[in-house]
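Q: Starting off with a structure, shown below.
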Ligand SMILES: *[C@@H]1O[C@H](CO)[C@@H](O)[C@H](O)[C@H]1NC(C)=O
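In mature numbering (1 follows the signal peptide of the UniProt record, and there is no 0), the protein residues as written are -15 to -1, 1 to 311.
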């Protein structure tokens, strides 16, 4: 009886892209999680990881702070979950924990060696953490390199070129923010990104799919997300270009800002036969007759086609709930 008047007092939801299902905070470590923070016994993520047996399912809570340097998460067999401190777990906007490093791929020797956070483990989840590569314009510089069956919810990834290297495996990104200019979502993994914001900070392609054979099940699907960028980028952002010849990308039910070029897609790999789809998008950048290299979509791509049938089991309630959200 008391509930109804209370509900009427709540403001109407302002954004369908980033539904605020709740404003639940997470300001202290969830039960059983190891604390990492500037004033904790373990001051860096790397120090925290060293304290956790690799074959035991475990979690780490990152207290507010800027954590400088690289972190490699490899050779762990059990699920590891990293939670950042936040006053609002529903998306990235109230994140307070930032992993940051400044290193380019040519300087580091490889793409993965440039990554601020390199995760190559079978099962991994991360909530409400920012990951930044501060190198800027000019060379490839990865913020997050991800290999495995992974969930990222409420993360903010930023660099200029090659921000997110979804290297291999099956990965879900929800209610997140990805920033970059050139090929800033790329790789061979099968990726579903939903209820997120992609911000272009320079002219270039958003995606560069590394799918290399016609039978490769990999997809990059951007669903129910917002594509935006600075005013001076009007018409200068491509949705994708084929890093490998059988690149496969879908943008569906997104709001495409006016930064998206009329041609939509551009060339990269020689003799590429990419599958570049768009379906049910809105906004000034949504596809028209001038699109190049695109393939007509028959309908929406389903999440099971991209993440596999058992995806809900590994995605967890928060990320799965976000996918289900309007
Ligand atoms: C992380 O791994 C890369 C190689 O992929 C290496 O160059 C780098 O030194 C490692 N960083 C740390 C902090 O262990």
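Glycine included, C-beta positions come from ideal geometry on N, C-alpha and C. Nothing here was measured: the structure is a model prediction, and the numbers come from that model.
(1) Can residue 125 be considered in contact with ligand 1, in the sense that its beta carbon sits closer than 8 Å to one or more heavy atoms?
(2) Report all residues from its chain with a CB closer than 8 Å to the CB of residue 266; omit the five preceding and five following residues, and keep chain order.
(3) What I want to know is whether the C-beta of residue 118 ends up closer than 8 Å to one or more non-hydrogen atoms of ligand 1.
(4) Helix, strand or coil: how does DSSP classify residue 297 here?
(5) Could you compute how far the alpha carbon of residue 9 sits from the alpha carbon of residue 254?
(6) List the endpoints of the continuous alpha helix (DSSP H) containing residue 213.
(7) Kindly list the residues whose CB is nearer than 7 Å to the CB of residue 221, restricted to its own chain and excluding five residues on each side of it in sequence; keep chain order.
(8) Considering only C-alpha positions, which residue in the set 103, 124, 229 and 276 is nearest to residue 223?
(9) Helix, strand or coil: which one does DSSP assign to residue -10?
(10) Considering residue 131, what are the terminal residues of the beta strand (DSSP E) in which it resides?
(11) Report the residue from 57, 202 and 225 whose alpha carbon sits nearest the alpha carbon of residue 293.
(12) Tell me whether residue 163 counts as near ligand 1, meaning its Cβ is closer than 8 Å to at least one heavy atom of that ligand.
(13) So, do the region 296 to 304 and the region 135 to 146 have three or more beta carbon pairs nearer to each other than 8 Å?
(14) Taking the beta carbon of residue 92 as the centre, do at least 16 other beta carbons fall within 10 Å, making it buried, or is it exposed?
(15) Within the same chain, show all residues whose beta-carbon is closer than 7 Å to that of residue 61, passing over the 5 residues directly before and after it, in chain order.
(16) Quick check: what's the CA-CA separation for residue 69 versus residue 46?
(17) Excluding sequence positions up to five away, which residues of its chain have a Cβ less than 7 Å from the Cβ of residue 258?
(18) Rounded to whole angstroms, what's the CA-CA distance from residue 210 to residue 308? Just pull it up for me.
(19) Just curious, the beta strand (DSSP E) that residue 66 is in, first and last residue?
(20) For residue 198, collect the residues of the same chain with a Cβ closer than 7 Å to its Cβ; drop the 5 residues on either side in sequence, then sort them by chain order.
(21) Enumerated in chain order, which unbroken segments of the alpha helix (DSSP H) with a length of 4 residues or greater are wholly contained in the region 76 to 106?
(22) Whose CA, out of 101, 156, 111 and 30, lies closest to the CA of residue 126?
(23) From the DSSP output, which residues share a beta bridge with residue 118?
(24) From 37, 29 and 66, pick the residue whose C-alpha is nearest to that of residue 49; which is it?
(25) Please give me, in chain order, every unbroken run of the beta strand (DSSP E) with length at least 3 that falls completely inside the region 148 to 206.
(26) Count the other CB atoms, across all protein chains shown, that sit within 10 Å of the CB of residue 17; report buried if there are 16 or more and exposed otherwise.
(27) Taking all protein chains shown into account, decide if residue -5 is buried (16 or more other Cβ within 10 angstroms of its Cβ) or exposed.
(28) For ligand 1, is there any heavy atom lying closer than 8 Å to the beta carbon of residue 97?
(29) Does the distance between the C-beta of residue 56 and the nearest non-hydrogen atom of ligand 1 fall short of 8 Å?
A: Inspection of the coordinates gives the following:
(1) no
(2) 236, 237, 238, 239, 240, 241 and 272
(3) no
(4) In the structure shown, residue 297 sits in a helix (DSSP, three-state: H, G or I).
(5) 45 Å
(6) Segment 211 to 214 is the beta strand (DSSP E) holding residue 213; no alpha helix (DSSP H) there.
(7) 188, 244 and 246.
(8) 276
(9) Confidence in residue -10 is poor, its pLDDT being 46 and thus under 50, which makes the residue's placement unreliable; the coordinate value appears in the next sentence. The answer is helix: DSSP assigns residue -10 an H, G or I state.
(10) The continuous beta strand (DSSP E) containing residue 131 extends over residues 129 to 138.
(11) If you compare the alpha carbons of 57, 202 and 225 with that of residue 293, the shortest gap goes to 202.
(12) no
(13) yes
(14) exposed
(15) 39 and 106
(16) Straight-line Cα distance between these residues: approximately 6 Å.
(17) 230 and 231
(18) 11 Å
(19) 65 to 69
(20) 231
(21) 90 to 93 and 96 to 99
(22) For the residues 101, 156, 111 and 30, the minimum Cα distance to residue 126 belongs to 101.
(23) 86
(24) Looking at 37, 29 and 66, the one whose alpha-carbon comes closest to that of residue 49 is 29.
(25) Counting only runs of 3 or more, we get 149 to 159, 162 to 165, 170 to 172, 175 to 179, 182 to 185 and 189 to 194.
(26) So residue 17 ends up on the exposed side.
(27) Legend: pLDDT at residue -5 = 43, less than 50; position of this residue unreliable, value from coordinates given subsequently. Under this definition residue -5 is an exposed residue.
(28) A heavy atom of ligand 1 is found nearer than 8 Å to the CB of residue 97.
(29) True, at least one ligand heavy atom lies under 8 Å from that Cβ.
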